[in-house]
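**Student:** Would you mind keeping the following structure in view while I ask a few things?
Number of protein chains: 2
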Amino acid sequence: MPMKSYIPYSSESHFPIENLPYGVFSTVDDSTHRIGVAIGDKILDLKYSKNVFDHPLCEVFQQPSLQSLMASNKNTWSQARKSIQSYLSIENHRNLENAVFWDQNEVKMHLPTAIGDFTDFFSSYYHAYNCGSLMTPNKPLADNWKNMPIAYHGRASSIRISGTPVVRPNGQYLKDGQVTFGPTEMLDYELEMAFFVGGSLNSLSEPIPTNKASDHIFGMVLLNDWSARDTQKWESYFLGPFLSKNFITTISPWIVTMEALEEFKTDNFKQDPTPLKYLLHDIKYNFDINLNASVRDQKSQQIHSICNTNYKYLYWTPLQQIAHHTINGCNLQPGDLFSSGTISGPEEEQCACLIERTRGGKIFVDLGERKLKFFEDGDEVTLSGFCQGNGYRIGFGNCSSQILPANNLA
Amino acid sequence: MPMKSYIPYSSESHFPIENLPYGVFSTVDDSTHRIGVAIGDKILDLKYSKNVFDHPLCEVFQQPSLQSLMASNKNTWSQARKSIQSYLSIENHRNLENAVFWDQNEVKMHLPTAIGDFTDFFSSYYHAYNCGSLMTPNKPLADNWKNMPIAYHGRASSIRISGTPVVRPNGQYLKDGQVTFGPTEMLDYELEMAFFVGGSLNSLSEPIPTNKASDHIFGMVLLNDWSARDTQKWESYFLGPFLSKNFITTISPWIVTMEALEEFKTDNFKQDPTPLKYLLHDIKYNFDINLNASVRDQKSQQIHSICNTNYKYLYWTPLQQIAHHTINGCNLQPGDLFSSGTISGPEEEQCACLIERTRGGKIFVDLGERKLKFFEDGDEVTLSGFCQGNGYRIGFGNCSSQILPANNLA
Chain B
1 MPMKSYIPYS SESHFPIENL PYGVFSTVDD STHRIGVAIG DKILDLKYSK NVFDHPLCEV
61 FQQPSLQSLM ASNKNTWSQA RKSIQSYLSI ENHRNLENAV FWDQNEVKMH LPTAIGDFTD
121 FFSSYYHAYN CGSLMTPNKP LADNWKNMPI AYHGRASSIR ISGTPVVRPN GQYLKDGQVT
181 FGPTEMLDYE LEMAFFVGGS LNSLSEPIPT NKASDHIFGM VLLNDWSARD TQKWESYFLG
241 PFLSKNFITT ISPWIVTMEA LEEFKTDNFK QDPTPLKYLL HDIKYNFDIN LNASVRDQKS
301 QQIHSICNTN YKYLYWTPLQ QIAHHTINGC NLQPGDLFSS GTISGPEEEQ CACLIERTRG
361 GKIFVDLGER KLKFFEDGDE VTLSGFCQGN GYRIGFGNCS SQILPANNLA
Chain U
1 MPMKSYIPYS SESHFPIENL PYGVFSTVDD STHRIGVAIG DKILDLKYSK NVFDHPLCEV
61 FQQPSLQSLM ASNKNTWSQA RKSIQSYLSI ENHRNLENAV FWDQNEVKMH LPTAIGDFTD
121 FFSSYYHAYN CGSLMTPNKP LADNWKNMPI AYHGRASSIR ISGTPVVRPN GQYLKDGQVT
181 FGPTEMLDYE LEMAFFVGGS LNSLSEPIPT NKASDHIFGM VLLNDWSARD TQKWESYFLG
241 PFLSKNFITT ISPWIVTMEA LEEFKTDNFK QDPTPLKYLL HDIKYNFDIN LNASVRDQKS
301 QQIHSICNTN YKYLYWTPLQ QIAHHTINGC NLQPGDLFSS GTISGPEEEQ CACLIERTRG
361 GKIFVDLGER KLKFFEDGDE VTLSGFCQGN GYRIGFGNCS SQILPANNLA
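Protein sequences, first through last, are from chains B and U. The first sequence: position 218 = 218 (the UniProt record's numbering), numbered continuously. The second sequence: position 233 = 233 (the UniProt record's numbering), numbered continuously.
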């Protein structure tokens, strides 16, 4: 029997009682950062709503960020979820006399926690293949790629919440073979999903095996890994991306818990050859999440879909990402963010960034009035995603940013 | 006239009254983390020593880390230094009735602050040339290298203080062309120096120009960028180093301030071609710092010097590193750590890591009873450095770690 929420919403809402994602917000009258749960178009304010939790759990929800909750453990996460679900259910509506709700469109959302380290994986087979094809057409997939989840460290300080504008970055790149300085001419998005690391984590020199890794995944968000492709090409040899990625990274504000995603598990991507033993796991840990990217043209105000893909196209699972990341003893901390890398699928419209879709800027994406290669100032790019349940959706909301002109540094 | 300290020390001490580096320590009887200043073989305990600072500066030194001091500004840094110098001078010895001192060998040192983001540059010409020669002998220096300070994001969570053992990491690498899993067979060090970022820093999208960059350098430490070369070679294509570097990074515990280094400024490395405008600066911002690396063999207990080099061989200055890092709007935070990259000089014994010195493991370093290629379990590696003044030294102390055997994960 489906759960029934006291707060009404449509069957297309991203935030039914089966979801209950966490976020951090403030209101016009009260700038305190506090934890809320999205329900329909509302937010349940967990700081000021009485009777939701018993002691000691209530302490965790008095904090200005999700750090404490992330640092607790899977049982606590589960207990918190049950309490909120029960609190919001129609059977318990009398309790709600003590509840504080806000409209989602009247609050300001914030980063859900301080992010310690940010790791960006490169886990979609099709993305790796397509990018490789641009660089080395005769051998698109590097030798190492099917042997381990390739990743690099990203910049944590410049991660921002949906809604933060993207100022077009200045930088160095080659233009017609000349070293050039100026605003990037190849501003791109990457549709990714990321999870927050949680639980009682490993000390330095202690690997986390795949069969313990799921204890350390708190929940997921959408992530836009903004990229300046001209700078990226010029700077990356041989230490990898740097300024081409760290000017901003945008995440969606609501963290969907792994419990809410549980019933949308789907088969893991078939791995051939079989990876080394430390990367193997028996359980399913892949998810059927529909993902979309769109661009709103500033002049026409038209919104065009530019990608429809699915999380399930990732070759490496989150459990393998964690096991690999720690096999050398690298220690993780609650609040670390692990991103999937661009989630491209096998079809043309499943290319989840423009450099792939336009084959390195050689062809246009035809949007009717607009021939899209890379983004222009004023474009607003939106990622969204949801799992389709029976009569309800577990959604991630939106991750949107508008592009502003570069600073004039000439 | 030289300053005279109330606490005696030899002319070879790293910590005369002209130095006064900051560190964070605790004692056996009191596990409180607190800020101290090294003077000779002693530490002045700034938490419990009265009369050193007037209000409000004293608040900053009641903190358990150097975060607040770093987050203040250059004037505050200067004022604090003057107060401590005056307090410790022989003229003011009556004040010292209220001072608490510890022996350096009886305390435990800690990380001086939480490190937000860690950036590792690649700024020594000779290191870049030597590494490039191993990969592409016909063209050792990549096209981009003289146009910008190349760098990548490192892992902040695994930065540890001198004295922390290095557990040999397990990982994947190619051996005789086969994908292999096990303890690295090419465990290497890299002699680097790093600076802590401080001051009132830039917001996202606001570059810091070279002429403001010196306001944001709090002080310097030695840094050992431990590297698993076999893993590095296998994993790095095409996103750069990851597990080969993030198992541990070691820093020396005492932060030497830029004021203490002021008189050891030396000419900047000659740059040809002239870099782009945003990377230019008129002032000298290079330093004459003697650097050494040594290894103690566990069996023989012999200590062998394996590198003598100098900070002055860096091609790119810290001001250029900051200007480049922020030219795209990347925001910095107090407590971020910027490392130089391996500081190699032009001579054989100035190669500041083993992969260079052994030409990729092809030749040995002859240490008499020991033929060194890469490190063995039990080896203790020590970095040290100092500037030679007239009758005194501004030293960095030591950055030491012993190598322990790998976890058995077979």
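Using N, Cα and C, we set each Cβ at its ideal position, and we do this for glycine too. Since this is a predicted model, take the numbers as computed values, not measurements.
1) Identify the contact partners of Val167/U in chain B, using a Cβ-Cβ distance below 7 Å as the criterion.
2) Going along the chain, which residues of its own chain have a beta-carbon closer than 8 Å to the beta-carbon of Ser86/B, five neighbours each way excluded?
3) Quick one: which chain B residues come within Cβ less than 7 Å of Ser158/U?
4) Which runs of the alpha helix (DSSP H) fall wholly inside the region 220 to 283 of chain U and span at least 4 residues, in chain order?
5) Out of Leu239/B, Gly154/B, Leu96/B, which has the shortest C-alpha to C-alpha gap to Ile43/B?
6) Restricting to runs no shorter than 4 residues, where is the alpha helix (DSSP H) found entirely within the region 322 to 371 of chain B?
7) Specify the secondary structure class of Asn115/B as computed by DSSP and reduced to three states.
8) Interface residues of chain B around residue 411/U at Cβ under 7 Å?
9) Let me know the secondary structure DSSP gives Asp103/B once reduced to three states.
10) In chain B, which residues lie with their C-beta within 7 Å of the C-beta of Gln172/U?
11) Note down, in chain order, all residues in the region 14 to 37 of chain U with a beta-carbon under 9 Å from any beta-carbon belonging to chain B.
12) Are the region 338 to 352 of chain U and the region 189 to 207 of chain U touching, with three or more C-beta to C-beta distances below 8 Å?
13) Using a Cβ-Cβ cutoff of 7 Å, what residues of the region 299 to 310 of chain U are near chain B? List them in chain order.
14) In chain order, what residues of the same chain have a beta carbon less than 7 Å from the beta carbon of Asp230/U, not counting five sequence neighbours either side?
15) Could you list the residues in the region 174 to 185 of chain B with a C-beta less than 7 Å from some C-beta on chain U, going in chain order?
16) Just confirm the distance between the C-beta atoms of Glu263/B and Gly389/B, as a whole number of angstroms; I'd bet it's less than 8 Å.
17) Tell me, please, whether the CB atom of Phe375/U is closer than 7 Å to any CB atom in chain B?
18) Return no unless some Cβ of chain B is closer than 7 Å to the Cβ of Phe386/U.
19) Are any of the Cβ atoms in chain C nearer than 7 Å to that of Leu96/B?
20) Do you know offhand how far Gly154/B's Cα is from Gln333/B's?
21) In chain B, what lies closer than 8 Å to Gly240/U by C-beta?
22) Who are the neighbours of Ala352/B on chain U, taking C-beta pairs under 9 Å?
23) Drop a sphere of 10 angstroms on the beta-carbon of Gln320/U, count the other beta-carbons inside from all chains shown, and report buried for 16 or more, exposed for fewer.
24) Roughly how many angstroms separate the alpha carbons of Asn75/B and Gly395/U, rounded to a whole number?
25) Determine the DSSP secondary structure at Asn92/B, reduced to helix, strand or coil.
26) Provide the residue span of the beta strand (DSSP E) that contains Met135/U, from first to last.
27) Express the C-alpha separation of Ile303/B and Gly368/B in angstroms, rounding to a whole number.
28) Which term fits Met109/B, buried or exposed, when burial requires 16 or more other beta carbons within 10 angstroms of its beta carbon?
29) Pick helix, strand or coil for Ser72/U, following the three-state DSSP scheme.
30) Can you give the Cα-Cα distance for Asp30/B and Ser78/B, rounded to whole angstroms?
31) Going by CA-CA distance only, name the one from Gln301/U, Gly360/U, Tyr313/U, Leu337/U that's closest to Glu380/U.
32) Should the region 253 to 267 of chain B be regarded as contacting the region 211 to 221 of chain B, the criterion being three or more beta carbon pairs within less than 8 Å?
33) Taking Trp226/U and Val166/U to be in contact with their CB atoms under 8 Å, please state how far apart those CB atoms are, rounded to whole angstroms.
34) Going along the chain, which residues of its own chain have a beta-carbon closer than 8 Å to the beta-carbon of Gly385/B, five neighbours each way excluded?
35) Once DSSP output is grouped into helix, strand and coil, what is the label at residue 413/U?
**Tutor:** The relevant details are as follows:
1) Ser205, Gly329
2) Asn92
3) Using a Cβ-Cβ cut-off of 7 Å, Ser158/U is close to Leu204, Cys330, Asn331 of chain B, given in chain order.
4) 229 to 235, 258 to 261
5) Leu96/B
6) 354 to 357
7) Note on residue identity: the sequence assigns Ile, not Asn, to residue 115/B. Three-state result, Ile115/B: coil.
8) The requested residue 411/U is not part of the displayed model; chain U covers only 1 to 410.
9) strand
10) Neighbourhood of Gln172/U in chain B, by CB distance below 7 Å: Asn147, Met148, Leu276, in chain order.
11) none
12) yes
13) So the list is empty, because no residue satisfies the distance condition.
14) Tyr173, Thr184, Glu185, Met186
15) Close to chain U, meaning a Cβ-Cβ distance shorter than 7 Å, are the following residues of the region 174 to 185 of chain B: Val179, Phe181.
16) 7 Å
17) no
18) No Cβ of chain B is located within less than 7 Å of the beta carbon of Phe386/U.
19) Looking at the structure shown, chain C is missing, and the protein chains on hand are B and U.
20) Our two residues, Gly154/B and Gln333/B, have alpha carbons roughly 15 Å apart in a direct line.
21) Tyr152, Ser236, Phe238, Leu239, Gly240, Pro241
22) Within 9 Å Cβ-Cβ: nothing; Ala352/B doesn't reach chain U, min ~17 Å.
23) buried
24) 50 Å
25) helix
26) Here Met135/U belongs to no beta strand (DSSP E); instead the alpha helix (DSSP H) covers 125 to 135.
27) So the alpha carbons of these two residues sit roughly 11 Å apart.
28) buried
29) coil
30) Straight-line spacing of the CA atoms in Asp30/B and Ser78/B works out to 29 Å.
31) Gln301/U
32) The way I'd put it, the region 253 to 267 of chain B does touch the region 211 to 221 of chain B; three or more beta-carbon pairs between them come closer than 8 Å.
33) Between Val166/U and Trp226/U the Cβ distance is about 6 Å, and since that is below 8 Å, they are a contact.
34) Met193, Leu222, Ile289, Asn290, Leu291, Asn292, Tyr311, Gly395, Phe396
35) What the structure shows of chain U is the stretch from 1 to 410, and residue 413/U is not part of that stretch, so it cannot be assessed.
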